[in-house]
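*Asks:*
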Amino acid sequence: MKVQFKIVVSSPPNEDNLNSLKSAASRLTNNRNSIKVKFKQEGKYYALITDFTMKNAAQYKVVDEIDKEFKFWISNFENYEDSIMSFPK
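Note that my numbering has the sequence shown beginning at 5, numbered continuously upward.
#1: Using 8 Å for Cβ pairs, my map puts S27 next to R36. What's the rounded Cβ distance?
#2: Put E82 into one of helix, strand or coil per three-state DSSP.
#3: To the nearest angstrom, report how far apart W14 and D20 are at their CA atoms.
#4: Leaving out five residues on either side along the sequence, give the residues of the same chain with a beta carbon under 6 Å from the beta carbon of S38.
#5: Tell me whether K44 sits in a helix, a strand or coil according to DSSP, three-state version.
#6: Looking at P17 and L52, is the spacing between their C-beta atoms short of 7 Å?
#7: For K40, which of D71, A61, K6, E69 has the nearest alpha-carbon?
#8: Where do the N-terminal and C-terminal ends of the alpha helix (DSSP H) with A51 fall, by residue?
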């Protein structure tokens, strides 16, 4: 199943931020080659977008696990504003 985790920050990300997102996804994925991290400016904010795959499961069974893993890895983001999780088809 495809997962997208988006972090909204108020300043441009650095390499450590992007590596933290890759680390979070690597703990959850069933295929390390599926991990893609990118960022783009959205108005006055920056969106850091992590795409990866996981083994198929009911979404309600994995949302807490995904959220907990990413929150652990982004705890050092000083400019964190919000996060959004989705399951693209």
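Ideal Cβ placement from N, Cα and C applies to all residues, glycine included.
*Replies:* The short version:
#1: As a position in the sequence shown, residue 27 is number 23, starting the count at 1. As a position in the sequence shown, residue 36 is number 32, starting the count at 1. Actually they do not touch by this definition, with Cβ atoms about 11 Å apart.
#2: Taking the sequence shown and counting its residues from 1, one reaches residue 82 at position 78. Of the three classes helix, strand and coil, the one that applies to E82 here is coil, per DSSP.
#3: Translated into the one-based positions of the sequence shown, residue 14 becomes position 10. Translated into the one-based positions of the sequence shown, residue 20 becomes position 16. Trp is not the amino acid found at residue 14; the sequence shown has Ser there. Distance between the alpha carbons of S14 and D20 is about 16 Å.
#4: As a working mapping, residue 38 is identified with position 34 in the sequence shown. Taken in chain order, the residues that qualify are F56, T57.
#5: What you label residue 44 is simply residue 40 of the sequence shown in a count that begins at 1. Strand.
#6: Along the sequence shown, one-based indexing puts residue 52 at 48. Along the sequence shown, one-based indexing puts residue 17 at 13. Contact flag set, yes.
#7: If you number the sequence shown from 1, residue 40 lands on position 36. K40 has its Cα closest to that of K6, out of D71, A61, K6, E69.
#8: As a position in the sequence shown, residue 51 is number 47, starting the count at 1. Careful: A51 lies outside any alpha helix (DSSP H), inside the beta strand (DSSP E) at 49-57.
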